[in-house]
Amino acid sequence: MSTIGAAGVELGRPDMIVSDGVDKWYGDFQALKGVSATIAEREVVVVLGPSGSGKSTWIRCINRLEVHQGGSISVDGIELTNDTRNIDKIRSEVGMVFQQFNLFPHLTVMDNITLAPRWVRKQPKADAENRAMELLERVGIPEQAAKFPGQLSGGQQQRVAIARSLAMEPRVMLFDEPTSALDPEMISEVLDVMKDLARGGMTMMVVTHEMGFAREVADRIVFMESGEIVEVGTPEHFFTNPTEDRTKLFLSQIL
Amino acid sequence: MENSQPAPLALDPDHFNVDFTAESDLEALPPEEPGLAPKEWMQKNLFSSVGSTILTIIFSIFALWALRGLFGFMFSGERRWDAVATNARLIAVERYPLDQFNRIWFSLGSLLAMAGLSMAFFRASGYFTLKRIAMWLMNLGVLGLLGVILTPGAKTEVPPVVEGELPTFIQDSFGEAIGGRIVWILVSLVTLGIGLALWYGLGEDRRRTMRIASRWVIAAGFGLAVLSLWVVPYGRYFLENGVATSEPGLVAASTRIPWTIMWATFVGALLLGLALRDRIPARPPKMILGLLWLLAPFILNWIVLRDPDFDYDHVFSTDIPMALAFMLVGGALLYWLSNAGIGEKGKIVSIILLAFALFNWVAGFFGIYPMLQKARLSFLFLGLFALIAGNFSRDVRTRMNYVYAWMGSMAIFHWLVTAVNSPSTLDITSDTYLGGMTLTIFVAWLTLLVSFPLGVLFALARTSDMPIFRLLSTTYIEAVRGVPLITILFFFSVIIPLFLPEGMELAEVAAVVVGYGLFSAAYLAENVRGGLQSIRRGQFEAADALGLTSGQRTSFIVLPQALRVSIPPLVGQSIATFKETSLLAIIGLNDLLRVANNTIPSQTDFVGSKKEGLLVVSAIYFGVSFAMSKYSQRLEKRLGLGTR
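As they're listed, the protein sequences go chains B and X. Counting with numbering that gives the first Met the number 0, you get residues 0 to 254 for the letters of the first sequence. Counting with numbering that gives the first Met the number 0, you get residues 0 to 643 for the letters of the second sequence.
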């Protein structure tokens, strides 16, 4: 088992996410086996691995959609415990984008985006709407504001989902296989938005199968298998000169 | 047909008002399958094989036989339809004092005005294509002709030749019977003719695209019914010096002017709404109308129809000061609780308030610690308002709006409770000033208003994470569902008053509404639970990931979607509730059914005329239920149910 070292020190930036020996069981099945990693501010980490390797479970633990049973997770210095105040604080700092978009089908795009800023951040309606329009322009679909999610294509829906997360002005964005449910021709429009975000300095953790994206955007790649981190490294190291046999096997299967 | 493009439901989390903007999307009609010519249609659907031909013939004979029975019943000389016509007022309002009838007209007028405005502002009007109207007319015409042919001839009683023998009957021959029905034949032929003329005169394209808004069809139907009052002599039944007298023609004569005003009110409100709806912002009138529909049954029932006799000394010395105290002190408290930095302190204060309110309730119920019912309820409301005050900490304006909402609710609440506690000025012997249709409608309406919030609460409790809520709610639902409704009604009308602390009274109708409400809530809860369970996990996760609290998640994300999914079963339960009000007859209240089943047949003029009244009452129940079911179908289509 390997861990990411003191990345914050290497990059000269403060730590944003610290996952220390995180264990997670589903019944008798151990989904995460002591996963430890540190992710620095403004770092983009791509998590790769075969299906069932625990990468989605890990990322979902970070904003407490799953509850870890061992080890500790802290985000921006706040430790995730059962204390609901800490959970709320972390959730409002961590944005999440899901594989299935999970937009609210009964609300317009505009309402989807402004709901949380208005009710969690208590922003006045006009401010929230102005900000939402800026975000929609940033993801390239300002003309869809009045529509309902069901009237949009998959790629557009995922871009709205990204805008919805960004509206909360999170310090970290988690992406859980954001392009896996999309038709091939729509994948690039979502990846472009994510690349743009990465260039803007957002701290990102991305679970994906898009190797091109990983190679181009990631600062580091984490490779997981069977609930463990197998190998960590820069994209160059990972794709050209992996050290672990399991990594080599994985890469030979997908490339 | 009237709504081809289901518009999605627009829900603003601020108001939860449903925005029916479907009307403008109606332009694009989908291409219709080319219709089959009658001959091909019959070949395809009725006579496609030997088996289907035999079935078609058998069931046609059966249908004709059933129709003959129905017509024979309706047009038999033994039918006393005048028993219904003379007792129209009894069926409508039972024995509401005649000199106070303006109260009835005022209530009805308000409801019709609200209905007209709502139809305009909520754009809740579909369309009837001329094709459909033509089809109806043709069907009616054919049905009329069938009636003329099928109805058996009248029987005439021939006195026995020898005294002591049974009388014999001579039945009119077919020719004689038909001869006596020339008017019916003409009316049917004219109806059929108009239908045919519309159908063939317009041509395929125009009869599909030309259409009339259903609001105008409703206005025209209502207008025709009112017009009939000026033409047809409906009768009336009344007591004069203790002698029952029936006199035909008076109901029509005494109500045709008010009914004409009612019709004018409805059409006027509709026209006003249509004229205003594109000129003023859409939201305020919708909010006001929604609020009115919620408050109307309470205000009309307890203030307008009951005419409370306020004791003004008590009002000025106790009621108004108490209301003001709750409004101002409670308002100040809520303003403080909604400041942004309140945090945990707010929760603690509101929980203390709720605990205090519940303690008051329990203690008061056992008579240990008397406190005015009004104050007890007000504390409970204050606790609930305090619980969600934190959501309104956005800015001073939002906070003040929340405080105003509290003050408005308190003012209306105290006004209503004071009115309910005051005696009625009406000169009536029983404690129910309502009867007939008015009783049925008010009980059904109040029951639905009571049971919907309760049902949602029980459903939420049953699906909540907290075991104590789950246990309480499950126990309640299962217990209520295991007891017959009539038992609950007896319990509430007879037994509950015995257990009430001294000085506390509950009018029988109120007790019954509480019983109905609690019963209906259990069933509604199960329907809503079905909807709640259909919400995908991802919706909860997305709401959580955005940092919404569980209360916000429930009210903005989960409930709106769950209720939308539950519309069909919820409407089914509403219809059931409406029909179940007929059990009022069993516990001795003079509802629609009891008037038809007991009151009319016991009048000297109409002894034993039960069938007519029952048939008419059935038609009324059916009409209302059918309208509700049709409206729910439209609502489903509009909200795009099943098209995620």
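Glycine included, every Cβ here is placed at the ideal spot set by N, Cα and C.
{"Check": "Any chain X beta carbon closer than 9 Å to M204 (chain B)", "Outcome": "no"}
{"Check": "Within-9 Å CB hit, V93 (chain B) to chain X", "Outcome": "yes"}
{"Check": "Residues bridged to M223 (chain B) [DSSP beta-bridge criterion]", "Outcome": "B:I228"}
{"Check": "Where V455 (chain X) falls, given that 16 or more other Cβ within 10 Å makes a residue buried", "Outcome": "buried"}
{"Check": "DSSP state of I169 (chain X) mapped onto helix, strand, coil", "Outcome": "strand"}
{"Check": "Backbone CA spacing between F238 (chain B) and F212 (chain B) [nearest angstrom]", "Outcome": "12 Å"}
{"Check": "Residue interval of the alpha helix (DSSP H) (run including R214 (chain B))", "Outcome": "M210 to V216"}
{"Check": "E142 (chain B) beta carbon near the ligand COA (any heavy atom closer than 8 Å)", "Outcome": "No copy of the ligand COA occurs in the structure displayed, which carries no ligand at all."}
{"Check": "Pick from X:A521, X:V616 and X:L433 that is closest to L471 (chain X), judged by C-alpha positions", "Outcome": "X:A521"}
{"Check": "Own chain, CB closer than 6 Å to S23 (chain X), minus 5 neighbours either side, in chain order", "Outcome": "Its pLDDT being 40, under 50, S23 (chain X) is placed unreliably by the model, and the measurement read from it follows with that caveat. Taken in chain order, the list of residues that qualify is empty."}
{"Check": "9 Å Cβ cutoff met for W258 (chain X) and L228 (chain X)", "Outcome": "yes"}
{"Check": "Chain B contact for E635 (chain X) (CB, 9 Å cutoff)", "Outcome": "no"}
{"Check": "Any C-beta of chain X under 9 Å from that of Q122 (chain B)", "Outcome": "yes"}
{"Check": "Interface residues of chain B facing R393 (chain X) [CB-CB closer than 8 Å]", "Outcome": "R117, K121, Q122 and P123"}
{"Check": "Close-in-space but distant-in-sequence residues of the same chain around V93 (chain B) (CB under 8 Å, 5 per side omitted)", "Outcome": "I61, N62, V74, P169, R170, V171, M172 and L173"}
{"Check": "Backbone secondary structure at Q602 (chain X) - three-state DSSP", "Outcome": "coil"}
{"Check": "Reference L64 (chain B); option with closest CA among X:S187, X:D543 and X:A324", "Outcome": "X:D543"}
{"Check": "Counterpart residues of P307 (chain X) in DSSP-defined beta bridges", "Outcome": "X:S423"}
{"Check": "Contact the segment 43-62 of chain B vs the segment 203-222 of chain B: 3+ CB pairs below 8 Å", "Outcome": "yes"}
{"Check": "Partners in chain X for N101 (chain B), counting only beta-carbon separations shorter than 7 Å", "Outcome": "G537, Q538, E540 and A541"}
{"Check": "9 Å Cβ cutoff met for S624 (chain X) and F555 (chain X)", "Outcome": "no"}
{"Check": "Residue-chain proximity (D182 (chain B), chain X), Cβ-Cβ < 9 Å", "Outcome": "no"}
{"Check": "Three CB pairs or more closer than 8 Å across the segment 195-204 of chain X and the segment 130-148 of chain X", "Outcome": "yes"}
{"Check": "Pairwise C-alpha distance: P284 (chain X) and Q122 (chain B)", "Outcome": "26 Å"}
{"Check": "Cβ-based neighbour list, L25 (chain X), same chain, cut-off 6 Å, excluding 5 preceding and 5 following", "Outcome": "With a pLDDT of 43 at L25 (chain X), under the threshold of 50, the modelled position of that residue is not reliable, and no figure is offered here."}
{"Check": "Supposed close pair L336 (chain X), A388 (chain X) - CB separation, criterion 8 Å", "Outcome": "4 Å"}
{"Check": "Chain-order list of residues whose beta-carbon lies under 6 Å from that of S117 (chain X) (same chain, five-residue window excluded)", "Outcome": "L288"}
{"Check": "Which listed residue (B:A115, B:Y25, B:Q99 and B:E188) has its alpha carbon closest to that of D87 (chain B)", "Outcome": "B:A115"}
{"Check": "CB contact check: T548 (chain X) to chain B, cutoff 9 Å", "Outcome": "yes"}
{"Check": "Sequence ranges, alpha helix (DSSP H) only - wholly within the segment 149-177 of chain B, length at least 4", "Outcome": "153-165"}
{"Check": "Any C-beta of chain B under 9 Å from that of Q372 (chain X)", "Outcome": "no"}
{"Check": "Presumed contact (8 Å Cβ cut-off) between S421 (chain X) and D308 (chain X), rounded CB distance", "Outcome": "5 Å"}
{"Check": "Which of helix, strand or coil DSSP assigns to G20 (chain B)", "Outcome": "strand"}
{"Check": "Classification of A626 (chain X) by the beta-carbon crowding that lies within 10 angstroms, buried from 16 upward", "Outcome": "exposed"}
{"Check": "Below-9 Å beta-carbon distance, P7 (chain X) vs any chain B residue", "Outcome": "The pLDDT assigned to P7 (chain X) is 42, lower than 50, so where the model puts this residue is not dependable, and the model offers no usable value."}
{"Check": "Under 7 Å from the C-beta of D82 (chain B): neighbouring residues of chain X", "Outcome": "What D82 (chain B) touches in chain X: nothing, since even the nearest Cβ is about 12 Å away."}
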